[in-house]
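**Q** First the structure, which I've put down as structure tokens, then a few questions once you've had a look.
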């Protein structure tokens, strides 16, 4: 009978009660096994005939940090190597001599190492630019120029780093920062061009309506704003037809109107300079060039506006900078022509804008009534002020009369024609740039729904995109409010400028050898400052518009990121990620490891991952992309001139499969004819710096004994890998799925490189037409060309294999099989058999499996453990589990492990090992002799009894986690495999795991 006791223990940390179930609470005598000796003061497992040096879970083991325990008198855990070799197999002198030899060799090696880039915008605006006057206007021009100059420097740097093709700003950004940034900024800049075109059209339409009112014509629709909308739509349609006519007619019309604009500008300058003001001009505030006028207009006079609002009106006049970027591909020498063209345009633009500020400020008064000619006071040397100026009710002057240029020009019709010419030429430029950028994005298939607009017609005219953007421009024209359009346009262009500057900074910051611009005057920090200024000014102008633009940007960015575009343009963002990762790895190498920072980093020796997805999914449930997971594939094959090429192809294909299945793991293939030697190489070479595996995980071979003695070499290699892992200070985990195993080759062809007629390297795209589309993968050709070489003396080629199952019953069965570690189990249960203290890994891994992103999320933990009969040990264990802050449902303590296994269990064990038995005279290693069975009787009985306990208590669990027995050297491989088979057979999935005796849990802050 099994006695059950309930013990209420007052927890120091949690202050709660824990239920303990004790099985056979009988204290037994302590005896000593022949091949093991007792270690004094160790709270170890008591047996009637042996006392093992493995320590049971105890709070004392975690009381002090490891470095403190080394110099203390408290007992510490024995190493895993000691467990394998036997604690006292080597005498102290032998160990000391061996360590001295190793240290001397290392000292010898250490000693050997030690020795040894515009156009002027229309002045037609509701917001009075002349409020800023001389100083304020100059500041606005210079601030705009600063943004443009810094952006021009950045563009010059990027464009001189190789040949740029058609696409303008989109091409520059996408090839520098990638399709996500390029598509987002390209869409914003395309919309900016459409809105800029509508701005110019509305400006021209308002001028037409004002001219009609001045000449006595009534409105066509009895509403001024509706007249503006009507004329705007008509103008837009006419300009669209011109762009449709082709580049030659469009360029001719643009050049004519651009020349007309310059003539009108000269008309204004000569009229203000050479002609004396007449009485009509004087009544409206014109004084001619006068120092007193300049002095009066020197400082700004803000009326309902401020510096930023006027800047928002003015800045679009400087945005012609980007128009030149649309024709970079047509330049003969991009590295020279781009900076020369852009800085020339900026210089001319700055000069024209400063002249436009100086002429009105030197020739016009701010406030005049319009019926009295201004008088000059020869005493004060100032103009006499008007009463209306005090309360801002004057009708004329700079602050109230907007048609200053027309008033001062030599011939006003030419000036009016120039204003129209400037607006229309700029509109045609924007109506051309926007569709071309949009077409370039459609050609790159960033937005599949808009692929229709990628078609080109004669002379490379994107007619479909022209129609789309003309409709968009006319839609904005219907707003009819120049100020609303102006503020939004300014923010759109600032966003584009910010992206260009950031692209240059990012490319420079990455320090990639591929970024070698011939333009040497760029500076990454100047580009970063320029990008920051653009973003800050965006929010100052209008935080609501800025937020809207950023929301639109991130929406497109996220969309393009989720699409996982299959393009590789060498973006600088990849180079930045590489540099950051490298620097972090170097810093990590200098960090001292601490228990609180421990992460399970798994080397999964899995074979071909596509045929063992269960094992990969299980390991992924532990790491979750938050710690390292390497899928090691040892390819047993002779090396020839083609194998490495095929392995590289296999690496690429399986890595793509990982990404398509959202598995955050690394694939590491290794070519070696011998499985164990290949594993040894993986143990030593996998990882880099602190990103190295600390756990080796394998799948258990359920059919290890089927080939009998003929399969001995495979068994020896398998157990040898486990021993090698312990020798290299790795923790080891073995996952058993006794019902179905892990290999799915019965559903798909296996990759067997030791006897092969074709190499199958799947790209693993899911079927969209088959019921198994969530389970099985399509294996496409690695390449289209056939290989003429021989592999393993047989003709080899790359073939395509499609795996599917037509039988519905098989589909149902295989679905459950493939998804066992992928689909979440509700109200799951994990039984943890923490038999020996291995540093706490046996307890930590189940805790990680019950966290989010695991198939056992929120599962209940039932903890089983061994202990001595002393009640103090139970209290310490309860305190330990509580201090670790790992929630558990029940703790069950087993105090008797001495019971003899049932005869049925012994017979079952004998049947398992029958094919691996030999006589004592057979000296082959790895097989089970009668002598070994006798010597290991107590350990065998212990494993048999543990199996009975598992069968009795854990058959309903969804996962069993148990401490892995140590593969001692004196135990044959076959006997050790038989023990593991006993523990896992006919049970739910079992994870046998053992740490490397280093603590991975701590209750200290």
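Numbering (UniProt numbering), first residue to last: 1 to 1005. Think of the CB as a built atom: it goes at the ideal place given N, C-alpha and C, for glycine as much as any other residue.
1. Would you mind sorting residue 967 into buried or exposed? The rule is 16 or more other CB atoms within 10 Å of its CB.
2. What number of angstroms, rounded off, separates the C-alpha of residue 192 from the C-alpha of residue 490?
3. By alpha-carbon positions, which one of 179, 927, 394 ends up nearest to residue 284?
4. Kindly identify the DSSP beta-bridge partner or partners of residue 929.
5. Helix, strand or coil: which one does DSSP assign to residue 780?
6. Of the residues 368, 299, 205, 420, which one's Cα is nearest the Cα of residue 261?
7. Let me confirm a value: residue 721 is counted as buried when at least 16 other C-beta atoms fall within 10 Å, else exposed. Which label applies?
8. Which partner residues of residue 963 appear in the DSSP bridge assignment?
9. So if DSSP puts residue 904 in a beta bridge, which residue, or which two residues, is it bridged to?
10. According to DSSP, simplified to helix, strand and coil, what is residue 999?
11. Just list the alpha helix (DSSP H) runs in the region 610–674, keeping only unbroken ones of 4 residues or longer that don't cross its boundaries, in chain order.
12. Could you check the C-alpha separation between residue 625 and residue 665 for me, to the nearest Å?
13. Using CA coordinates, which residue listed in 287, 391, 346, 699 is at the minimum distance from residue 359?
14. When you compare the CB of residue 566 with every CB in chain D, is at least one pair closer than 7 Å?
15. On the three-state DSSP scale, how would you describe residue 865?
16. Ends of the alpha helix (DSSP H) at residue 309?
17. At what residue ranges does the region 530–605 contain a whole run of the beta strand (DSSP E), taking only runs of 3 or more?
18. Are there 16 or more other CB atoms within 10 angstroms of the CB of residue 96, so buried, or fewer, so exposed?
19. Here's a check: name, in chain order, each residue in its chain whose Cβ is nearer than 7 Å to the Cβ of residue 700, leaving out the five neighbours to either side.
20. Strictly by DSSP, which residues pair up with residue 736?
21. Using a 10 Å radius around the Cβ and a threshold of 16 neighbouring Cβ atoms, would you call residue 934 buried or exposed?
22. How many angstroms separate the CA atom of residue 327 from the CA atom of residue 254?
23. Residue 862: buried (16+ other C-beta within 10 angstroms of its C-beta) or exposed?
24. Is residue 684 buried or exposed, if buried means 16 or more other CB atoms sit within 10 Å of its CB?
25. Candidates 425, 512, 300: which alpha carbon is nearest residue 252's?
26. Straight-line CA distance for residue 995 to residue 950?
27. If you draw a straight line from the alpha carbon of residue 617 to that of residue 1000, how long is it in whole angstroms?
28. Shortest alpha-carbon distance to residue 595 belongs to which of 849, 295, 844?
29. Check whether the region 521–540 and the region 343–362 are in contact - that is, three or more C-beta pairs closer than 8 Å.
30. Check residue 376 in the structure and name its three-state DSSP category.
31. Specify, as a first and last residue, the run of the alpha helix (DSSP H) that residue 979 falls within.
32. Leaving out the 5 sequence neighbours to the left and right, which residues in its chain are closer than 7 Å to residue 715 when beta-carbon positions are compared?
33. Going residue by residue through the region 127–168, where are the continuous beta strand (DSSP E) segments of at least 3 residues, counting only ones entirely within it?
34. Verify whether the separation of the beta carbon atoms of residue 957 and residue 858 is less than 7 Å.
35. Does DSSP put residue 364 in a helix, in a strand, or in coil?
36. If you follow the beta strand (DSSP E) that residue 829 is part of, which residue opens it and which one closes it?
**A** So, from the listed chains and residues:
1. buried
2. Between the alpha carbons of residue 192 and residue 490 lies a gap of roughly 9 Å.
3. 394
4. 918
5. Annotation note: pLDDT 36 at residue 780 (below 50); position unreliable, coordinate value reported separately. The answer is coil: DSSP assigns residue 780 none of H, G, I, E or B.
6. Nearest of 368, 299, 205, 420 to residue 261, Cα basis: 420.
7. buried
8. The partner list for residue 963 (beta bridge, DSSP) reads 993.
9. BP columns for residue 904 are empty, so no partner.
10. coil
11. You should have 613–623, 643–660.
12. 7 Å
13. 287
14. Among the protein chains of the structure shown there is no chain D, as only one such chain exists.
15. In this structure, residue 865 counts as strand in the three-state DSSP scheme.
16. That run of the alpha helix (DSSP H) goes 307–314.
17. 602–605
18. Reliability of the predicted coordinates at residue 96 is poor, the pLDDT of 49 falling under 50, and no value is obtained from them.
19. 734, 735, 736, 980, 984
20. For residue 736, which the question treats as bridged, DSSP gives the partners 990.
21. Counting C-beta atoms within 10 angstroms of its own C-beta, residue 934 has fewer than 16 neighbours from the protein chains shown and is therefore classed as exposed.
22. 15 Å
23. buried
24. exposed
25. 425
26. Between the alpha carbons of residue 995 and residue 950 lies a gap of roughly 21 Å.
27. Per the coordinates, the alpha-carbon of residue 617 lies some 23 Å from the alpha-carbon of residue 1000.
28. 844
29. Three or more Cβ pairs closer than 8 Å define a contact, and the region 521–540 falls short of that threshold against the region 343–362.
30. strand
31. Where residue 979 is concerned, the enclosing alpha helix (DSSP H) stretches over 973–984.
32. 704, 926, 973, 974, 977
33. none
34. no
35. strand
36. Bounds of the beta strand (DSSP E) holding residue 829 are 829–834.
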